[in-house]
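Colleague:
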Amino acid sequence: MIFRLNEHLLFPNPQLAEDDGLLAVGGDLSPKRLMLAYHEGIFPWYSDDSPILWYSPHERFVLFPDELNISSSMKRVVNSNRFKVTFDTCFADVIEACSAVPRKDQDGTWITGDMKQAYINLHQLGQAHSVEVWQNDELVGGMYGIAIGDVFCGESMFSKVSNASKTALIGLLKTGKYKLLDCQVHTAHLESMGARMVSREEYMAMLTDRED
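The sequence shown maps to residues 572 to 783 in my numbering.
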């Protein structure tokens, strides 16, 4: 059953989500609703031609810092100082670049204009963060997401040159601030770096046992 949200800041039990993780439709992208969603293991994912859709997958694709797999070639890239990594210096530019990246088997982008503004609002409130990767003073890669204590909920990443997005992910995890990177859904790219599936119950236990 898919639930329809109203003006009240309330989500149904995530265990009631459909097989594909779809839980609810409607509501808004206010900071309070978005942060409530992330605290309950829910995130928005929709396109311009649909209402706001809220998901809570039965399995979650996550990456633990101590399970991060950095290939020998990637270690050479990191050690070469080819890239410079910064944090929260140009959040709007990162989310704009993420929205422009073509995605396999996907027309357009799920990072709509409303989504961009909603996450920029969260960034201004100190709840959304970006990682930037620079090469010769040009922004060539990065990622953004939401921090729930010591769990980082990654939303999207981009790469204009080879290995830039991997550098962003490695840079984030090497800060030591996060015990878990929530990748949300499976990609072969992240699986090659050590990400794996955990049950919703495992994920929620880690999310609840966070360091605020």
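Note that the Cβ used here is the ideal one computed from N, Cα and C, for glycine as well.
Roughly how far, in whole angstroms, is the beta-carbon of G712 from the beta-carbon of V704, given that I think they are within contact range, below 8 angstroms?
Modeller: Confirmed, Cβ separation roughly 4 angstroms.
Colleague: Determine which residues share a DSSP beta bridge with L576 and list them.
Modeller: Beta-bridge pairing links L576 to G597.
Colleague: How long is the line joining the alpha carbons of N577 and R767, rounded to whole angstroms?
Modeller: Taking the straight line joining both Cα atoms gives about 34 angstroms.
Colleague: Taking the runs of the alpha helix (DSSP H) that are 4 residues or longer, which of them lie wholly in the segment 666–712?
Modeller: Listed in chain order, the complete alpha helix (DSSP H) runs (minimum 4 residues) inside the segment 666–712 are 684–695.
Colleague: Quick check on K731: does DSSP put it in helix, strand or coil?
Modeller: Of the three classes helix, strand and coil, the one that applies to K731 here is coil, per DSSP.
Colleague: Does the beta-carbon of D753 have 16 or more other beta-carbons within 10 angstroms, so that it is buried, or is it exposed?
Modeller: Looking at its Cβ environment, which holds 16 or more other Cβ atoms inside 10 Å, D753 is buried.
Colleague: Looking at the structure shown, is G742 part of a helix, part of a strand, or coil, going by DSSP?
Modeller: In this structure, G742 counts as helix in the three-state DSSP scheme.
Colleague: E630 and G765 - do their beta-carbons sit closer together than 8 angstroms?
Modeller: No; because the gap between Cβ atoms is not below 8 angstroms, this pair is not in contact.
Colleague: Distance, Cα to Cα, P636 vs L710?
Modeller: Spanning the two alpha carbons is a distance of roughly 25 angstroms.
Colleague: I'd like to check one pair, D619 with T683: are the Cβ atoms closer than 8 angstroms?
Modeller: Yes, the Cβ-Cβ distance between T683 and D619 is below 8 angstroms.
Colleague: Can you tell me which of K750, N707, Y715 puts its alpha carbon nearest to the alpha carbon of K655?
Modeller: Nearest C-alpha to K655: N707.
Colleague: DSSP on P585, reduced to helix/strand/coil?
Modeller: In this structure, P585 counts as helix in the three-state DSSP scheme.
Colleague: Determine, using beta carbons only, whether K687 and S670 come nearer to each other than 8 angstroms.
Modeller: It is a contact, given that the beta carbons lie within the stated cut-off.
Colleague: Residues in the same chain with beta-carbon distance under 7 angstroms from V624, minus the five sequence neighbours each way, listed in chain order, please.
Modeller: Sequence check: residue 624 is Leu here, not Val. Answer for L624: L593, V596, P615, W616, Y617, listed in chain order.
Colleague: Report the rounded CA-to-CA distance for S763 versus L634, giving the unit in angstroms.
Modeller: Between S763 and L634, the C-alpha separation is close to 11 angstroms.
Colleague: Going by CA-CA distance only, name the one from Y774, P602, P583 that's closest to A699.
Modeller: If we check each option's Cα against that of A699, P602 comes out closest.
Colleague: Suppose the cutoff is 8 angstroms on Cβ atoms and the five residues either side in sequence are ignored; what does the same chain contact list for A588 look like?
Modeller: Result list for A588: L594, Y626, S627, P628, H629, in chain order.
Colleague: So what does DSSP say about A718, is it helix, strand or coil?
Modeller: A718 falls in the strand class under three-state DSSP.
Colleague: Have a look at the DSSP bridge pairing and note the partners of M768.
Modeller: Paired residue(s): F632.
Colleague: Quick one: Cα of T660 to Cα of I719, how far?
Modeller: The alpha-carbon atoms of T660 and I719 are separated by roughly 20 angstroms.
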